[in-house]
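Enquirer: Structure provided below as structure tokens; questions to follow.
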Amino acid sequence: MRYPEQINLPYNRGALPLGFELLSGPVQDDADLAHWVILQGRHLVLAKSEGQPSLPVGQFPKGLTVLQGPLTFAYWRDMPVRCAQIGEADILPDSLVAEPFVSFQLRVPVELLTVAGVGKQLLHADLHTAFCHRCATPTTPMKGSWGKRCPNCGHENFPSIHACAIVCIHRENELLLIRKPEWPKGRFGLVAGFLDVGESLEECAIRETKEETGVDICNVRYVASQAWPFPSQLMVGFIADYAGGDIAIGDDEVEEAYWFPVDDLPILPSQTSIAGYLIEKVSQKLREPGSKS
Ligand SMILES: [Zn+2]
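Numbers 769 to 1061, taken from my numbering, label the letters of the sequence shown in order.
What follows is the structure, given as structure tokens:
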């Protein structure tokens, strides 16, 4: 296996459609028609169609309450692309449908998920930089950037992206998988957690594994990363070797943890997530004849 490697998982810019021009900062946009990334709670609003789902195009649909935005963040097919958050109780017109953003990943083209994910993350950043982090004065946009400057104290407020380590651990031909209480029974994933102050990502992977499962790991190697706009994370993917210890669940974040043989894995995250990608990558390698790691 070669590390690191480039991947175009959904939400990474490399998975944006051909010809999609992502802006480097806000622009004056008075166009009549646009592509719309409409967010409703944890759902994405799409145009109903016989074939593949698509973003609504044209004027903003009538009767919807805009809670945040619209924010123009790109140009595509000669039109601006705008993102807006609408009221959760809004009734959609018959031409639109709200779908869960994450769980239906496989039904929606990767390119479309990525457009919506980037818009979602920028809208989140826009909201969270509206007031100065230092003195709470309303901020003003900085030219050519998604950052905002404070007219009172001069502090520059940039979008916050939170790093998380996620790690696929193996012991001979077995993988260590966990299930969080909120996940359905029988559905397992990988150990993951937020980076702490003064910690490398490798240290984060080691600490989270110990806290969640009681297991020690070593030889932590970077594989790939994925932007994760729920609301603003970067998932940094590693694989690691088992170093010692028995499974002992250490916190409330994990309900079950087991070693699964690669030939008998439970229900797994979609391969459009970094978790699914890492599991598949390591499993493939372990299934190769004569493979030890
Ligand atoms: Zn300020």
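All C-beta atoms, glycine included, are put in the ideal place defined by N, C-alpha and C.
All figures in this text were calculated on a predicted structure; none of them were measured in a lab.
#1: Around the C-beta of residue 930, are 16 or more other C-beta atoms found within 10 angstroms, so that it is buried, or is it exposed?
#2: Within the same chain, show all residues whose beta-carbon is closer than 8 Å to that of residue 989, passing over the 5 residues directly before and after it, in chain order.
#3: Please specify which runs of the alpha helix (DSSP H), each continuous and at least 4 residues long, are wholly inside the segment 779 to 810, giving them in chain order.
#4: Expressed to the nearest angstrom, what Euclidean distance is found between the alpha-carbon atoms of residue 969 and residue 909?
#5: Please report the Cβ distance between residue 958 and residue 1046, rounded to the nearest whole angstrom; I am assuming they are in contact, meaning their Cβ atoms lie under 8 Å.
#6: Pull up the DSSP beta-bridge partners for residue 946, would you.
#7: Report the rounded CA-to-CA distance for residue 921 versus residue 787, giving the unit in angstroms.
#8: Got a sec? Which residues, its chain only, sit under 7 Å from residue 783 by beta carbon, not counting five neighbours each side?
#9: Taking C-alpha atoms, which residue in 978, 998, 964 and 953 lies nearest to residue 1034?
#10: Can you tell me which of the three DSSP states residue 1050 falls into?
#11: Note down, one range per segment and in chain order, each beta strand (DSSP E) of at least 3 residues found wholly within the segment 855 to 937.
#12: Which ranges would you report for the alpha helix (DSSP H) in the segment 981 to 1035 if only whole runs of at least 4 residues count?
#13: What number of angstroms, rounded off, separates the C-alpha of residue 1050 from the C-alpha of residue 835?
#14: What does the alpha-carbon distance come out to for the pair residue 1036 and residue 826?
#15: How about the segment 1016 to 1023 and the segment 985 to 1005: do they share at least three Cβ pairs that are nearer than 8 Å?
#16: Go through its chain and collect everything with a Cβ distance to residue 800's Cβ below 8 Å, but skip five positions before and after it.
Expert: Judging by the given coordinates:
#1: The sequence position of residue 930 within the sequence shown is 162, counting from 1. It is exposed - the Cβ of residue 930 has fewer than 16 other Cβ atoms within 10 Å.
#2: As a first step, residue 989 must be located in the sequence shown, where it is residue number 221. Within the same chain, Cβ atoms closer than 8 Å to the Cβ of residue 989 are found at 771, 1006, 1007 and 1008, the five residues on either side in sequence being excluded.
#3: Listed in chain order, nothing qualifies, since the segment 779 to 810 has no complete alpha helix (DSSP H) run of 4 or more residues.
#4: Here residue 969 refers to the residue found at position 201 when the sequence shown is read from its first residue. Here residue 909 refers to the residue found at position 141 when the sequence shown is read from its first residue. Distance between the alpha carbons of residue 969 and residue 909: 32 Å.
#5: The sequence position of residue 958 within the sequence shown is 190, counting from 1. The sequence position of residue 1046 within the sequence shown is 278, counting from 1. Yes, they are in contact, since the Cβ atoms of residue 958 and residue 1046 sit about 7 Å apart, within 8 Å.
#6: Within the sequence shown, numbered from 1, the residue matching residue 946 stands at position 178. Answer is 957 and 1025, bridged to residue 946.
#7: Residue numbering aside, residue 921 sits at position 153 when the sequence shown is read from its first letter. Residue numbering aside, residue 787 sits at position 19 when the sequence shown is read from its first letter. Cα-Cα distance, rounded: 39 Å.
#8: What you label residue 783 is simply residue 15 of the sequence shown in a count that begins at 1. Short of 7 Å from the beta carbon of residue 783, and not among the five residues preceding or following it, lie these beta carbons of its own chain, in chain order: 776, 777, 878, 879 and 882.
#9: Here residue 1034 corresponds to residue number 266 of the sequence shown, with the count starting at 1. The shortest C-alpha separation from residue 1034 is found at 953.
#10: Numbered from its first residue, the sequence shown carries residue 1050 at position 282. It is helical.
#11: Listed in chain order, the complete beta strand (DSSP E) runs (minimum 3 residues) inside the segment 855 to 937 are 864 to 868.
#12: You should have found no qualifying run.
#13: Residue mapping note: residue 1050 aligns to position 282 of the sequence shown, counting from 1. Residue mapping note: residue 835 aligns to position 67 of the sequence shown, counting from 1. Their Cα atoms are separated by approximately 43 Å.
#14: Stepping through the sequence shown from its first residue, residue 1036 is reached at position 268. Stepping through the sequence shown from its first residue, residue 826 is reached at position 58. The straight-line gap from Cα to Cα measures roughly 38 Å.
#15: With a cut-off of 8 Å, the segment 985 to 1005 and the segment 1016 to 1023 do not count as touching, because too few Cβ pairs lie within range.
#16: Here residue 800 is taken as the residue at index 32 of the sequence shown, counted from 1. Excluding the 5 residues flanking it on each side, residue 800 has same chain C-beta neighbours closer than 8 Å at 827, in chain order.
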